[in-house]
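Participant: Residue numbers (the numbering used here), protein chains in the order written: chain A, 1 to 114; chain B, 1001 to 1112. Note that beta-carbon positions come from the ideal geometry of N, C-alpha and C, so glycine has one too. Just so it is clear, the structure is predicted and the values come from calculations on it, not from any experiment.
1. Kindly indicate which three-state DSSP category residue 85(A) falls into: helix, strand or coil?
2. By Cβ distance, which residues of its chain are closer than 6 Å to residue 1043(B), with the 5 residues on each side in sequence left out?
3. Does the stretch 2 to 10 of chain A come close enough to the stretch 55 to 63 of chain A to have 3 or more Cβ pairs within less than 8 Å?
4. Run through the DSSP bridge pairs and tell me what residue 73(A) is partnered with.
5. Using a Cβ cut-off of 7 Å, which residues of the stretch 78 to 96 of chain A contact any Cβ in chain B, in chain order?
6. Applying the 10 Å Cβ sphere with the 16-neighbour rule, what's the burial state of residue 67(A)?
7. From residue 107(A) to residue 92(A), what does the alpha carbon distance come to, in whole angstroms?
8. Below 9 Å on C-beta distance, what does residue 105(A) contact in chain B?
9. Can you check DSSP and say which residues form a bridge with residue 1091(B)?
10. Pair every Cβ in the stretch 1085 to 1097 of chain B with every Cβ in the stretch 15 to 34 of chain A, then say whether three or more of these pairs are closer than 8 Å.
11. By the 10 Å Cβ neighbour count, where 16 or more other Cβ atoms means buried, how is residue 1103(B) classified, buried or exposed?
12. From which residue to which residue does the beta strand (DSSP E) around residue 54(A) run?
13. Report yes or no: do the stretch 1077 to 1085 of chain B and the stretch 1016 to 1030 of chain B share at least 3 C-beta pairs separated by less than 8 Å?
14. Between the C-alpha atoms of residue 48(A) and residue 94(A), what's the straight-line distance to the nearest angstrom?
15. Pop quiz: residue 111(A) and residue 41(A) are said to be a contact at Cβ under 8 Å. What is the actual Cβ separation, rounded to whole angstroms?
16. Is there a C-beta anywhere in chain B that falls below 7 Å from the one on residue 56(A)?
17. How about residue 111(A): is its C-beta nearer than 7 Å to some C-beta of chain B?
18. From this set, 96(A), 72(A), 65(A), which residue's C-alpha is nearest residue 81(A)'s C-alpha?
19. Please report how far the alpha carbon of residue 1007(B) lies from the alpha carbon of residue 1023(B), in whole angstroms.
20. Nearest by alpha-carbon distance to residue 101(A): which of 1005(B), 1025(B), 1031(B) is it?
21. Just to confirm, is the Cβ distance from residue 28(A) to residue 50(A) under 7 Å?
22. In three-state terms, what does DSSP make of residue 1078(B)?
23. Which residues of chain A have a Cβ atom closer than 7 Å to the Cβ of residue 1105(B), listed in chain order?
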């Protein structure tokens, strides 16, 4: 089945130790998004790619970076995780940049920072 | 801020009853979407309603949109225990950044 896959589902890292979360999709969608969701809060958009075009949200900390080497894969790099970065990270895809279409979400990666 | 507000924040009902969740937003929108999130999981798209539509149905779901009041409601009829989840509305503004902005969500619990 076509889907959005996130690995790992649970990630534990130490304060300040770089970590990479991965997302892959078999939907062949042009757009891939990364959201941060803290406990009992709404998902917050960090950035998105439209094909290879990277779009950063104005309030996304510099500590967060992303890479999209090809259509199928997108990575979220946290250069120096702090305790406040502990959250669920959600990857999503859609067919068009204009969000008139459905977004398809992966199951998320829960990040713990010790 | 465009961010929607949802009401109530938490709702607990008995199986078989209807559940109604409301969403209000601040700016003019292109469309409004409802998503469901089971605990510790990703979001699943339920329904999209465009700004020129007033009501939409999908199975046991009914969504209404009142653009004059900048509000939407999601009705789940004949609720089941499996409907227990958080429900989020999300809006796409007409002007500005074309991105999905989520409300805070309603935590729905269906008691067997």
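Facilitator: Working from what's here:
1. The three-state secondary structure of residue 85(A), taken from DSSP, is helix.
2. 1035, 1037
3. Taking 8 Å as the limit for Cβ pairs, the verdict is that the stretch 55 to 63 of chain A does not touch the stretch 2 to 10 of chain A.
4. 24(A)
5. 90
6. exposed
7. 9 Å
8. 1035, 1037, 1041, 1042, 1043, 1044, 1045
9. 1032(B), 1101(B)
10. no
11. buried
12. 53 to 56
13. yes
14. 10 Å
15. Contact flag wrong, Cβ pair sits at about 15 Å.
16. no
17. no
18. Scanning 96(A), 72(A), 65(A) for the CA closest to the CA of residue 81(A) turns up 65(A).
19. 6 Å
20. The shortest C-alpha separation from residue 101(A) is found at 1031(B).
21. Remark: C-beta atoms of residue 28(A) and residue 50(A) do not approach each other more closely than 7 Å.
22. coil
23. 42
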